[in-house]
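Number of protein chains: 2
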Amino acid sequence: MTKAFEGINEKNQKKLLRMLEANVYHYKKNSNILSTIKNVNMIGIITKGYIQITRSNDNGSRTIIEEVEEEEIFGTFISSLKSKDYEIITKEDTDIIMIDYDLLIQNNFRNCEYYHQFIKNMFEFVTKKIQEKNERIEILTQKSIRNKLLEYFNIMFKKTGSKYIYLPFTFMDLADYLAVDRSAMSRELKNLKEEGFIEIKGKKITLCYDKNSSIYMGL
Amino acid sequence: MTKAFEGINEKNQKKLLRMLEANVYHYKKNSNILSTIKNVNMIGIITKGYIQITRSNDNGSRTIIEEVEEEEIFGTFISSLKSKDYEIITKEDTDIIMIDYDLLIQNNFRNCEYYHQFIKNMFEFVTKKIQEKNERIEILTQKSIRNKLLEYFNIMFKKTGSKYIYLPFTFMDLADYLAVDRSAMSRELKNLKEEGFIEIKGKKITLCYDKNSSIYMGL
DNA sequence: TCTCATTTGTTGCAATTGCAACATTATTTT
DNA sequence: AAAATAATGTTGCAATTGCAACAAATGAGA
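Protein sequence lines, in the order shown, are assigned to chains A and B.
Last residue of the first sequence: 219 in this note's numbering, with the numbers rising by one and none dropped.
Last residue of the second sequence: 1219 in this note's numbering, with the numbers rising by one and none dropped.
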């Protein structure tokens, strides 16, 4: 059972999905699925697999808007998916429950206990998304690559409490996430290494500084 | 009646607020109110006035995280307000209803109609916030000042359908929003003017290009 | 209306960054 | 295991940007 249905027993889950006219889709790995859902305000609940939402510029470069893992949700109300620039790609064989957002938010299910529970679950997903986006904004508003990296490290440190950071994605994706040129980021990481602030082994980065360090003065 | 209580009559509104142990605060203009709410997960509903949420760096510069207008909501779940770097400043005499987020999300009010309605209203606020944050991220991920400006203009254009953009804030604040140096932005605006793509009169910017224009090639 | 404070415009300069191109190392596929 | 593909490291160079400093314009308050 996914978190989206927490507090709703299986029987009511089925009732709920019928009520919301939900559809279950099964996609193969590396499918572009946006075309199948484009024209509606929808919520997708990923019950198996995971997806990447990307946006491509006219010059061809592509940016990851977000990755949505198993058990998580996505939708037109979370990312604007309506332009042709967007793609939703399954990175594994993926199952998705699609729900019409407008139907969900309509007022027709007033006395339905599990409906309210579901809304509340959605609410919690959405507040989590907001926090993720806030983090990204805090990083993106930093004016130098160095400070973007340090802000990213800070956030990871606060989350895990550990000075060992395991990148959840490649360095290419990190550059993308920070919205900087990959090679320029690579250069800056090298600087930080040479100045003794960090160590890097594969995707594991070790922070060798603390709050009192001189590196914090600029931030 | 604020949108937060849409679909809830006044009597039930009062019941709801009592149930949620809501407090109403009255602040004078230019008060720093964060200290009064810091330690809880809270939602604030602004019934009168408006506020600015800012974050200051160690070097003293301050960034506007968001402006929250009358009728809108804010809270620890929307912006992380827990660090000392944040400030919430009232820009007018302001009334705020404070609600404990954890209490709101608890499961004790199962059969309460207006409670569910309220959650749903909050849900819609929050999805709107997400979309605002998505917009900002799309802007911030642009790699040049020019492209940030153009992306900003695009978004404003899409919202209003008009080529006349009235800046809702000062150019200083715009630089802040785009996370670029003000003078560098000013320089770039001048370039765009001289190349004939825009006109500027005070806070009114006119777009002199369209989708087919060469200016779009890079974007 | 005058004064003071804030915002906006401008410019030179140094530092940072993006870009392109290529070498090297990992990873995946056959 | 070999070959193909993808990711990472590196560097020079030109373009962009941030920073600082100051002038001009605008707006707010006395």
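Ideal Cβ positions, reconstructed from N, Cα and C, are used throughout, including at glycine.
Straight-line Cα distance separating residue j from residue i
i	j	result
A/Arg146	A/Lys129	25 Å
A/Lys15	A/Gly7	14 Å
B/Lys1158	A/Cys112	38 Å
A/Lys148	A/Leu140	7 Å
A/Leu192	A/Asn121	42 Å
B/Thr1206	B/Asn1154	12 Å
A/Ile73	B/Ala1004	24 Å
A/Ile21	A/Asp100	The sequence as given places Glu at residue 21 of chain A; Ile does not occur at that position. Taking the straight line joining both Cα atoms gives about 8 Å.
A/Ile53	B/Asp1181	30 Å
A/Tyr209	A/Gly196	8 Å
A/His26	A/Ala175	32 Å
A/Asn23	A/Ile97	6 Å
B/Ser1162	B/Lys1091	29 Å
A/Thr76	A/Ile45	12 Å
B/Lys1048	B/Ile1033	15 Å
B/Arg1187	A/Lys143	17 Å
B/Leu1178	B/Ser1083	23 Å
A/Gly218	A/Leu104	Confidence in A/Gly218 is poor, its pLDDT being 49 and thus under 50, which makes the residue's placement too unreliable to answer from.
A/Thr63	B/Asn1009	46 Å
A/Gln117	B/Tyr1115	12 Å
B/Met1156	B/Ile1165	7 Å
A/Arg18	B/Asp1095	43 Å
A/Thr2	A/Val68	14 Å
A/Glu66	B/Ile1037	32 Å
B/Leu1189	A/Leu81	29 Å
B/Ser1183	B/Asp1173	12 Å
B/Glu1070	B/Glu1151	27 Å
A/Ser213	A/Thr160	20 Å
Below-8 Å beta-carbon distance, residue i vs any chain B residue
i	result
A/Thr63	yes
A/Val221	Outside the displayed range of chain A (1 to 219) lies residue 221 of chain A, so it cannot be described from this structure.
A/Leu103	no
A/Gln52	no
A/Tyr182	In the sequence on display, residue 182 of chain A carries Arg and not Tyr. So no, A/Arg182 is outside the interface.
A/Arg136	yes
A/Leu220	The structure shown does not extend to residue 220 of chain A, since chain A is modelled only from 1 to 219, so the question has no answer here.
A/Lys148	no
A/Lys91	no
A/Ile119	yes
A/Lys133	yes
A/Asn9	no
8 Å Cβ cutoff, residue i in contact with chain A
i	result
B/Ser1056	no
B/Met1122	yes
B/Thr1170	no
B/Gln1013	no
B/Thr1002	no
B/Ser1079	yes
B/His1026	no
B/Ile1130	yes
B/Ala1179	yes
B/Thr1141	yes
B/Lys1201	no
B/Lys1211	no
Assigned secondary structure, residue i (DSSP; H/G/I helix, E/B strand, else coil)
i	result
A/Gln106	coil
B/Phe1171	helix
A/Glu195	coil
A/Tyr209	coil
B/Lys1163	coil
B/Thr1127	helix
B/Lys1148	helix
A/Lys133	helix
A/Lys143	coil
A/Lys204	strand
Assumed close pair residue i, residue j - CB separation to whole angstroms, cut-off 8 Å
i	j	result
A/Asp93	A/Asn41	Rounded, the Cβ-Cβ distance is 26 Å, inconsistent with contact.
B/Ile952	B/Ile1088	Nothing about residue 952 of chain B can be read from this structure; chain B reaches only from 1001 to 1219.
A/Lys29	B/Lys1133	With 8 Å as the limit, A/Lys29 and B/Lys1133 do not qualify as a contact, their Cβ atoms being about 30 Å apart.
A/Lys203	A/Leu167	4 Å
A/Val126	B/Phe1109	In fact, because the Cβ distance is near 20 Å, the residues do not count as touching under 8 Å.
A/Arg136	B/Ile1137	6 Å
A/Ile119	B/Ile1119	6 Å
| At which residue ranges does the segment 66-122 of chain A contain complete beta strand (DSSP E) runs of 3 or more residues, listed in the order of the chain? | 73-75, 86-90 and 94-100
| Ranges of the beta strand (DSSP E) found wholly within the segment 1003-1056 of chain B, counting only runs of at least 3 | 1023-1027, 1042-1048 and 1051-1056
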